[in-house]
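Peer 1: UniProt numbering applies: residue 1 is where the sequence shown begins, and numbers increase by one. Where is the CB? At the ideal position from N, CA and C, for every residue including glycine.
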Amino acid sequence: MNSLPPISFPGPFTCPLCCKTHPRPIDISKHVRGTHGIRELAFRCSGCGRSGPVASISVHYRWCTRGDQPRVPSTPRVLPFPCTVVHCPRSFSTYTGMRLHMARAHATAFNESLSRRKNYRWSDEERQILAQLEATFNNQAQSNAEVNKFIQSQLKDLYGITRSIDSIKGQRKYVRHREAVASLMAQQGRTAVSPQSSPCDPQEIGEPCETPTTGSSQVHAGPSAAPIPSMEMNPDDLAALLNSSNVHYLSTEFTALLTKELSTQVDTTTSARILSCTARFLTAHFADNQRGSRKTSTRLHCGTGKKTFIFMQHLFHKDRKRLLDVIAGKPQNKTPRGTLEELSTLLSHRISKCSPPDMEPYTVVASDNATGDLQLITEREIVKAQALLQVNTASGPDRVPATAAKKIPAPLLAKIFNLWLFYLDIPSEYKVSRTVLLPKGDPLTTSTDFRPISISSTIYRLFSKIIAMRLADHVNLNLRQKGFVRGVDGCNTNIRILQACIQEARWRGTELAIAFLDLAKAFDSVSHNSILRALKRHAVPIYLQRLIENMLTGGSTVVELSSRRSAPLPIRCGVKQGDPISPLLFNLVLDELFERLDQHADL
């Protein structure tokens, strides 16, 4: 039997052969196909008798029988979010849908219904209440988080004032709030120091001075606070700087430490002691003490293939010769030939020898914008130097990474750097550097085929960068100076000049004589006396001459090879490669050579 009579729709679906009933059309179709071997099955509409496949009859049946049953009026659906605009009948199931409808259909009403964000401002009365609560609860045994929570709860419970923790924290940072708290605590007979008050009166440093232990105080460095260089900085300006209202989270601790140093007896070591105090303070708060432990990064790491691609792209733009060697599989021998003792001895012969004297007469070349007045280092200069400091640069012996140096508060660095400027010197801790050996050329045949790079403290590099920018504003270098000049691509400019000379000689058919002068170990061989002479020749202000002279004096470096370190090598000659001020000092020494070449250009 190949076919069956049509089965009535919508059921029940009974098999004509075995009289078995099934609830769904698909069930009887499977039954007929599997049990009786019949693949074609038709269905018949019980309303009009039309036959066809189940899909066609199921759709037809709905339309065929729609008039047989009485239509029941549907109740209107009530949605919970009607449109708030008058005479608009629309309603929505969600609040978001209703607001979206208003924004599109009733833009004016929607904009008027927007709730403006309130910027809660503290009134004078609320500030006074906040100061009273903090003065009541201010206890050194409590943390700032506990004080903030206490103030928040008391404001809400006692006065009905609702403020967030962040709002309270921000208000407590203001100087006027700290002054009000200190005044209330003083009235209560408790120890407090106003932020604007000086912990030491203008008195002799040798006299006893009470060091504050609570509150926020600023140091007043009066005329008798330290030996004052004659012609450099006005002590009143320094005192105004140290008493500035620019506070940060280390203000109290730095002030207390500096006050302790200033309260000791004045002697020949006062300046060195205060300078070392600033270095120890910065190292204690910003040094990475986890030496040898590698911090795990939360960033996603790229695969080996992507790292190789990035490395190849870097070599393509920087060193195509090395890229060719890497592609060809040539081994890269970057290990210095020789032991640590041999390398340190070779380096000491260059940098530890005494600087030759330079007593040649010179003609002063004054700059148009040269001024002899000393200006304090501003926070803007510090922020600019921090922005120019590269993040991936290595840290110096103090282990302060560049990321930490860039985050040091500018008001704190301004006070510390101006202390260095006041004493015209830097801490002895920052005169120590470490030297690493970078390969210079290929193949590496001797132990002299490496360039020594001195890595100083990142904090010192910030200060050196500021001094270098100030020195650059005081001098006018020869126009032929192309190396290490701001805004000048020296290599590209000189190559184009050389190409132009060669093309002109070819076009004219004339001979061209070119001389290349390579200064061996240029940075390591320049004399400190020549640098001081160049500063005088360019009429650099006296304070900059004294400061740079002290920055060059007393330096030392330690050679690092693999995991070994040499003994400290004194630096008595040359400038450190890696110091921001070194290229400019080297250019100042060479500037006289370019001037003389211009004067004898006809020879």
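What first and last residue would you give for the beta strand (DSSP E) that runs through Gly555?
Peer 2: Counting along the chain, the beta strand (DSSP E) containing Gly555 begins and ends at 555-561.
Peer 1: Please classify Met359 as buried or exposed, where buried requires at least 16 other C-beta atoms within 10 Å of its C-beta.
Peer 2: It counts as exposed.
Peer 1: Residues in the same chain with beta-carbon distance under 6 angstroms from Pro401, minus the five sequence neighbours each way, listed in chain order, please.
Peer 2: Counting only Cβ-Cβ distances below 6 angstroms, and skipping sequence neighbours, we find Asp288, Ser395.
Peer 1: Use the C-beta contact count for Tyr460: other C-beta atoms within 10 angstroms, 16 or more gives buried, fewer gives exposed.
Peer 2: With 16 or more other Cβ atoms within 10 Å, it is buried.
Peer 1: Look up His600 in the DSSP assignment and say whether it is helix, strand or coil.
Peer 2: Reduced to three states, the DSSP call for His600 is coil.
Peer 1: Tell me Arg434's beta-bridge partners as DSSP assigns them.
Peer 2: Answer is Ile455, Val558.
Peer 1: Mind checking who Arg564 pairs with in its DSSP beta bridge?
Peer 2: In the DSSP output, where bridge partners are listed per residue, Arg564 has Leu561.
Peer 1: Looking only at its own chain, which residues have a Cβ that is under 8 angstroms from the Cβ of Leu593, when we skip the five neighbours before and after it?
Peer 2: None.
Peer 1: Helix or strand or just coil, what does DSSP make of Arg380?
Peer 2: DSSP places Arg380 in helix when its eight states are reduced to three.
Peer 1: How many angstroms separate the CA atom of Arg62 from the CA atom of Lys20?
Peer 2: Near 26 angstroms, if we compare the C-alpha coordinates of Lys20 and Arg62.
Peer 1: What separation, rounded to the nearest whole angstrom, lies between the Cα atoms of Leu477 and Leu471?
Peer 2: Cα to Cα, the separation comes out at about 11 angstroms.
Peer 1: Quick check on the burial criterion: 16 or more other C-beta atoms within 10 angstroms. Buried or exposed for Thr557?
Peer 2: With 16 or more other Cβ atoms within 10 Å, it is buried.
Peer 1: Exposed or buried, what is Tyr95 when buried is set at 16 or more other beta-carbons lying within 10 Å of its beta-carbon?
Peer 2: Result: exposed.
Peer 1: Who pairs with Ser8 in a beta bridge, going by DSSP?
Peer 2: The partner list for Ser8 (beta bridge, DSSP) reads Arg44.
Peer 1: My output table needs one value for His220: the three-state DSSP class, helix, strand or coil.
Peer 2: With a pLDDT of 36 at His220, under the threshold of 50, the modelled position of this residue cannot be trusted; read the value that follows with caution. Note: His220 maps to coil in three-state DSSP.
Peer 1: Quick check on DSSP: helix, strand or coil for Pro25?
Peer 2: DSSP places Pro25 in helix when its eight states are reduced to three.
Peer 1: Pro82 by DSSP, collapsed to three states: which one?
Peer 2: Note: Pro82 maps to strand in three-state DSSP.
Peer 1: On the CB-based measure, 16 or more other CB atoms within 10 Å of its CB, does Ser198 come out buried or exposed?
Peer 2: Low local confidence applies: a pLDDT of 35 at Ser198 is under 50, so the model's placement there is unreliable, with the coordinate-based value given in what follows. The residue is buried, with at least 16 neighbouring Cβ atoms inside 10 Å.
Peer 1: I need the boundaries of the beta strand (DSSP E) containing Pro570, first residue and last residue.
Peer 2: Its beta strand (DSSP E) spans residues 569-571.
Peer 1: Distance, Cα to Cα, Phe254 vs Leu275?
Peer 2: Going by the C-alpha atoms only, they are around 13 angstroms apart.
Peer 1: What residue does the alpha helix (DSSP H) around Asn529 start on, and which one ends it?
Peer 2: Per DSSP, Asn529 belongs to the alpha helix (DSSP H) from 528-537.
Peer 1: Count the other CB atoms within 10 Å of the CB of Phe586; is the residue buried (16 or more) or exposed (fewer)?
Peer 2: Result: buried.
Peer 1: Nearest to Leu340 by CA position, among Ala567, Glu381, Ile377, Val475, is which residue?
Peer 2: Minimum Cα distance to Leu340 is reached at Ala567.
Peer 1: Looking at C-beta atoms only, is the number of pairs between the region 544-556 and the region 520-533 that lie closer than 8 angstroms three or more?
Peer 2: Judged by Cβ distances under 8 angstroms, the region 544-556 makes contact with the region 520-533, as three or more pairs qualify.
Peer 1: In terms of DSSP beta bridges, what is Pro439 paired with?
Peer 2: Pro439 is bridged to Phe450.
Peer 1: Cβ of Leu250 less than 8 angstroms from any chain D Cβ?
Peer 2: You won't find chain D in this structure, because it holds only one protein chain.
Peer 1: Between which residues of its own chain and Cys64 is the CB-CB distance below 7 angstroms, once the five residues before and five after are set aside?
Peer 2: So the qualifying residues of the chain are Cys45, Gly47, Cys48.
Peer 1: Since Gly170 is in the alpha helix (DSSP H), which residue starts that stretch and which ends it?
Peer 2: From DSSP, the alpha helix (DSSP H) with Gly170 extends over 165-172.
Peer 1: Can you find the residues in the same chain that come closer than 6 angstroms, C-beta to C-beta, to Thr14, ignoring five residues on each side of it along the sequence?
Peer 2: For Thr14, where only same-chain residues beyond five positions count, the Cβ hits under 6 angstroms are Thr21.
Peer 1: Hey, quick one: how far does the alpha helix (DSSP H) through Thr278 stretch, first residue to last?
Peer 2: Counting along the chain, the alpha helix (DSSP H) containing Thr278 begins and ends at 270-286.
Peer 1: Return the CA-CA distance between Gly490 and Tyr174, expressed in angstroms with no decimal places.
Peer 2: Rounded to whole angstroms, Gly490 to Tyr174 spans 49 angstroms at the Cα level.
Peer 1: Using 8 angstroms as the threshold, is the C-beta distance between Ile377 and Thr278 below it?
Peer 2: Not in contact: Ile377 and Thr278 (Cβ atoms no closer than 8 angstroms).
Peer 1: At a cut of 8 angstroms, does the region 500-517 reach the region 573-591 through at least three beta carbon pairs?
Peer 2: These segments do not touch.
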